[in-house]
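Numbers 150 to 1286, taken from my numbering, label the letters of the sequence shown in order.
What follows is one structure encoded as structure tokens, with my remarks underneath.
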Amino acid sequence: MWQKSIIIKYIFVLLLIFLISICHYSSSVYIAIDNLNLRHKQVVVSDSSITRFIHSNDDGDSPAYYKFLIGDDSSVLIGGRNTMYNFSMPDMKINEKIEWSPQKGNIDECIMKGKRKFECANFIRVAIKESNGRIILCGTHAYSPKCRRFDAKEKFEKIREIRQDFDGQAIVPFSPIDNATAVFIQEVNALFTGTVSDFDGTDPLIFRKKFETEGPLRTPKDDFKVIDDAQFIKSFSYGDYVYFFFRELAAEAKDNNNEKQMYSRIGRVCKTDNGGSGPFRERWTTFTKVRLNCSLPGTSPFYFNEIQSVTEPSYNYDHNSDIIYATFSTPYTSVHMSAVCAYKMKDIEDIFDNSFFKYQPTSDSAWRPYFKINKNNRPGQCNQDMSKTNEISFVVRNPLLYDTVRPIYNKPIFAHGPDKFTISSIAIAPQVKTVNIGSKDVIYLGTNDGKIMKILDIGDRKQTTIFIQTSKVFSSHEPVIFLKVINNALFALSNEIAVSLPLYNCDQAKSCAECVRLQDPHCIWDTNIDMCMGYDNKDTKTVVQSVSSGFSEICPNGHILHEELYAISDSGDKTIDEFVIKTIVIGFVIGYHVSQRQKKSNYNSQHSSVSSSGGCSSDYDSYGKARLTKHDGLAGSKMDHIYSSGPGTKNMDAVSLILNMNQNAAAMPMLGTYTQIQSGATTPRIDKNVMNCTLPRDYKVKKVYLKKKEKMYSNERKDNLQINLELEEQPYFHGFFPRKYIGSYFKNPGDYLILCKYKGNERHYFLELLDADIMVKRIEIAKENDDYFLRIPSETIKFFPSITILVKYYHRNQIPGYICLKNPIQRSKTFYCHCYIKYNKCEDLIGKGKFSTIYKGLITDGFYKGTLTAVKFLNFGKKETDKDYFKVIKKTYKYLIKEGSIMENINDKNILTFYGLCIDDLPITLLMEYCPLGTLDSHLKKEKNNICIGELLYYCYDIVKGMKHLSTLKIVHKNLTPSSIFISNNGFLKIGSFGKASEYGFNNTLITEIKLRYQPPEYIINKNIELNESTDIWSYGVTVLQIFNNGLLPLNELNDDQFKERILQNNFFTFPKKCPDTLSFGIKKGIFVVQPTNRFTFCNLEELLEVILKRIDLYPLPKPNETSLAKKGIQRSFILI
């Protein structure tokens, strides 16, 4: 019987290997076709040859918001905060520095408009070098864009003389973070820009300013068919036209929710367009646009709709055309991917010159092609006949072309995801010469997590793009916003840092095989000196390079590089017959090995190891329940060393060995088919079972202790995990963040983070890991004496002196029953440790309420370093000396996190700024903007009748603006009172106290009940109704009555029962005499009404107040030095924005 069992198992293993080989072959072909999730050949962690320039200023951590301006063969100009730098390349020496700051009056006005001080600097966004040596700089200039022309710099002068200032509106944006592009065309002496022209950033336009007598040209305002919510990426001159690349809301496309989709566009205008006449005066008559398509092909293509960056045209011999490369991404959903597509300029020109136009006859009809255009006198051309006003009128209003621009090969040359990063920037080293296959484009890709990837466009649709290397240049929270190849070096830019780095890192390859395998056109192996070095037209007789295959017969052991396995052949083509032959041979050997071991085995069938979908052995049955497993690798060794149990060791069971071979042989795609991509990535499920198993008495456990840190890592390569940091400082430590919120963080198998919680008075740690079955598994990190271990069923328990070392180890070695740790999930920048916050509980108390206590503190590290903050504890009035204090904060801390999660998504000048949460330990604390002037309630009661009506109206207006923003986010505040409104440093009111806030329809906060005097009648009747904007509208009406009644509540003379009775009888409030009649009437008819659906919205109230505030003849405004705030040193100007 046992012989028959052996034969059956032998056949089973043989078939399993055969199927795996076929799958591996199929997946390899799949990657080759689609260039999806390619694997890099080299990783550059650090490089001493990188030259850095880091922003520094006297204002703490105020950002520089660097922007590339212009460059030539040996230098580059970048704009920053109040400064323009001219760097030489590649040594990054400062050739020239021009400083230009706003005047104090400009800064004060900017702050009074609601902007923070660091935003009110002059961020240089445009530079123009004129032929006479002069230079023009344009900047945001404290949210009032300005341009300044500087005289030519004389030989011995250090500073340029100022020649002229002029308006910069529509040339640069008001905000430093708005996307914008500009290109100066010398032949027409004009600047062409794509930007926004208003304070709020809601008027995108393509604009031309001539530096002569002609007036400006622009696209129409508020015409969604022309430009709608555009984000401009790049512009350049090509032939007779200027091309603009941008993404916008597409008027012609809506998703399943009937909302517009974002599309990538190319817009084009003629350089010599002089505008039209009549209604088209100062309007483009040649502006047309086309959709730019980058998608994975299929019956239902998978689209990358959002363009992120683009290169300028360069000639490519493989395609016999000027081409451009562009990077794209999908929206930030659960399936976030990035791609690179290439386009021929002649294809783009052909569509602009010959495609039909696309239009919508009526607002309800479908979009269709327009056939009536005369192709012999086509609108949109530089030579168009301006007398054909009907056709020009049509195109001005309907500039969209019917066809789309498709990429070369009709697919991306590189695609990646789902992943956490976006490809944010791109540059090329055009037509780099190779030894034997001509010249090829080398492409550099920057990501939003600080990496630069290097790939090679091989120029052949049948061959896979080559992923040469990945370099870590900036920290993970510093996006690479710009790349450019200048003077044989790569210039990279983040918001704060400019760097120059080499184009290649050939010297890291130490052997001929390693050098050739890089397939880098920049690298050759010199056989004379046995060194991998840069290729600079050396004698081809002494060098070895194989860009097409990565293999050369000259190099010994050309098929092996360190631990990675790569199947390499001269032709690059493998047939299924090769896999069948290899399968039979490998199957025979491993099958025989298994049969021999089976003779000696006396294990029961329930202890057999079952393979999981991720390529690692699993200790879970089909229901996800843990079972005890005796691994061959563990049973076969008498003394298990700390290093010996990871994947790839010789003492591994057969099935795990096979899957491990497959796992190492090639990079598997993250998504198996396009069908999976279209339907979205599988949302990770959170396994509610914690691995906290009790082992049976007869289950023998072997304990292995690691005594020294150096012992584990003495022979291992370096990586980015720093074991010398405390756990609280590790980016993967998410502290007491609630587990129910973490599901969306996990994208790929191997993603992990660490959480903690208290059991009794002891802190317990848990490893959260996305396993191969796309379930988030929780594994307890237990502690024995002073050592840590994973509480999992295993014959050997490994102990570690710290959790950081435990994590480091399982990056190298498989967790028994799980996959290896791969990708640490970075915590948010709003995560702070308690040690980063300084305050004195005796001296810095701001306020104490029934549920919380607030102190004034200082943030000493992190994103808001050096900022004063309000530190909020949720303690329900308990003192630290109370016996039940710790019990209370353990039960309630999740609600403070909920409050923080709501505030984190709000960004408005009339709402308190959220800084972060301290969740590394209890008690959890919330950090938010500190307002030293206190609450509106105390201000009203103190000043009483000293506040004029005009100032009070602006208080009402500030509150409406903030509440309007909350309503757009579908957030109901539920605690809108003068006590929850704060006066900021610049005199603007800011809404706070979000402890009761929740999304519409939800009532899931700890303190849910609205204060009685602010309750609408429907809430008094039924506390379980769905809450929405109408709830806050009622509270706002009561707050307005208090504002005009010196802070006193209306009907304050009634007790609670009398108050309820009066409200339920629809006998509402009386109005203070100070309240303007128009406002009283509006509140009476639009707020204090029984039916919630008949109440005003905050948009209605905003319009009403703006009408009232414009009547300065009735309600005169005080001067800044005459307001009630002036006594507190605040001079606020009251103006409508």
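Ideal placement from N, C-alpha and C gives every residue a C-beta, glycine not left out.
May I ask you to list the residues that DSSP assigns as paired with residue i?
| i | result |
| --- | --- |
| proline 518 | Lys507 |
| alanine 641 | Leu632, Val648 |
| tyrosine 116 | Within the shown structure, residues of the chain are numbered from 150 to 1286, placing residue 116 beyond reach of any answer. |
| alanine 578 | Val591 |
| valine 1121 | Ser1147 |
| methionine 1077 | Ala1019, Phe1063 |
With a CB to CB cut of under 8 Å and the five nearest residues on each side skipped, what residues in its chain are close to residue i?
| i | result |
| --- | --- |
| lysine 403 | Lys409, Gln410 |
| arginine 541 | Note that residue 541 is isoleucine in the sequence shown, not arginine. These residues qualify, in order along the chain: Gly425, Phe429, Thr434, Pro528, Gln533, Met535. |
| histidine 883 | Ile891, Leu902, Ile903, Leu904, Ile974, Arg976, Phe980, Ile1068 |
| lysine 1268 | none |
| serine 478 | Phe453, Glu455, Gln457, His485, Met486, Ser487, Ala488, Thr571, Ile572 |
| isoleucine 1120 | Ile1051, Ile1055, Ala1146, Ser1147, Glu1148, Tyr1149 |
| glutamine 530 | Cys419, Thr435, Asp502 |
| glutamate 258 | Ala291, Ser293, Ser1282 |
Below 8 Å on the Cβ atoms is my guess for residue i versus residue j; work out the distance and round it to an integer in Å.
| i | j | result |
| --- | --- | --- |
| isoleucine 1055 | leucine 1125 | Not a contact, Cβ separation roughly 14 Å. |
| isoleucine 575 | serine 449 | Not a contact, Cβ separation roughly 27 Å. |
| isoleucine 382 | phenylalanine 395 | 6 Å |
| asparagine 644 | alanine 213 | 6 Å |
| alanine 319 | threonine 342 | 7 Å |
| leucine 916 | isoleucine 199 | Contact doesn't hold; Cβ gap of about 34 Å is too wide. |
| isoleucine 1108 | leucine 1138 | 6 Å |
| leucine 1045 | leucine 1023 | 5 Å |
Grab the span of the alpha helix (DSSP H) containing residue i for me, first residue to last.
| i | result |
| --- | --- |
| glutamine 1207 | 1205 to 1213 |
| phenylalanine 913 | Residue identity differs from the one stated: residue 913 is histidine in this sequence, not phenylalanine. No alpha helix (DSSP H) holds histidine 913; the beta strand (DSSP E) holding it covers 911 to 919. |
| glutamate 397 | That residue, glutamate 397, is in no alpha helix (DSSP H); its beta strand (DSSP E) goes 390 to 403. |
| glutamine 1191 | 1178 to 1192 |
| arginine 961 | 952 to 961 |
| proline 1166 | 1166 to 1170 |
| arginine 666 | 661 to 666 |
Using a Cβ-Cβ cut-off of 7 Å (strictly less than) and excluding sequence neighbours within five positions of residue i, which residues of its own chain qualify?
| i | result |
| --- | --- |
| isoleucine 1212 | Pro1166, Ile1169 |
| tyrosine 466 | Gln580, Gly587, Ser588 |
| isoleucine 995 | Ile1003, Tyr1004, Lys1005, Ala1019 |
| alanine 578 | Val591, Val634, Leu652 |
| threonine 614 | Asn184, Leu187, Ile562, Phe563, Ile604, Leu605, Asp606, Ile607 |
| glutamine 1280 | Pro1269, Asn1270 |
| glutamate 361 | Asn338 |
| glycine 220 | Leu226, Lys633, Ile635 |
So, for residue i: in the same chain, excluding its five sequence neighbours on each side, which residues have a beta-carbon less than 6 Å away from its beta-carbon?
| i | result |
| --- | --- |
| leucine 187 | Phe616 |
| leucine 1294 | Nothing about residue 1294 can be read from this structure; the chain reaches only from 150 to 1286. |
| lysine 723 | Caution is warranted here: a pLDDT of 37 is assigned to lysine 723, below 50, making its placement in the model unreliable, and the coordinate value is therefore given only provisionally. Cβ within range, chain order: n/a, list empty. |
| serine 1142 | Asn1124, Ser1129 |
| serine 1184 | Leu1125, Tyr1163 |
| lysine 367 | Reading off the sequence shown, one finds arginine at residue 367, where the question assumed lysine. Around arginine 367: Leu354, Phe356. |
| cysteine 1224 | Phe1193 |
| serine 1273 | Glu1092, Asn1095, Ile1096 |
| arginine 746 | With a pLDDT of 46 at arginine 746, under the threshold of 50, the modelled position of that residue is not reliable, and no figure is offered here. |
Is the Cβ of residue i closer than 9 Å to any Cβ of chain B?
| i | result |
| --- | --- |
| methionine 233 | Any reference to chain B falls outside this structure, which holds one protein chain only. |
Taking the beta strand (DSSP E) that residue i belongs to, which residues open and close that run?
| i | result |
| --- | --- |
| cysteine 287 | 284 to 288 |
| glutamate 303 | Per DSSP, glutamate 303 belongs to no beta strand (DSSP E) and is neither H nor E. |
| serine 1001 | 1001 to 1008 |
| valine 459 | 455 to 459 |
TODO: Kindly confirm or deny that the stretch 489 to 507 and the stretch 433 to 450 touch, where touching means at least three C-beta pairs closer than 8 Å.
DONE: yes
Open item on the list: Between the stretch 563 to 572 and the stretch 655 to 665, can you find at least three pairs of beta-carbon atoms closer than 8 Å?
Closed with: no
- [ ] Evaluate the contact criterion for the stretch 1198 to 1215 versus the stretch 1070 to 1086: three or more CB pairs, one atom per stretch, below 8 Å.
- [x] Using a Cβ-Cβ distance cut-off of 8 Å, the stretch 1198 to 1215 and the stretch 1070 to 1086 are not in contact, since fewer than three pairs of beta carbons, one from each stretch, lie closer than that value.
Open item on the list: Three Cβ pairs or more, each shorter than 8 Å: is that satisfied between the stretch 1063 to 1079 and the stretch 929 to 942?
Closed with: no
- [ ] For the stretch 219 to 233 and the stretch 1101 to 1111, state whether three or more C-beta atom pairs, one from each stretch, are separated by less than 8 Å.
- [x] no
Open item on the list: Taking 8 Å as the cut-off, does the stretch 672 to 679 touch the stretch 689 to 702 (at least 3 CB pairs, one atom from each stretch)?
Closed with: Short answer: they touch.
- [ ] Please confirm if the stretch 299 to 313 is in contact with the stretch 266 to 273, defined as three or more CB-CB distances below 8 Å between the two stretches.
- [x] no
Open item on the list: Within 8 Å, do at least three Cβ pairs link the stretch 544 to 562 to the stretch 507 to 520?
Closed with: yes
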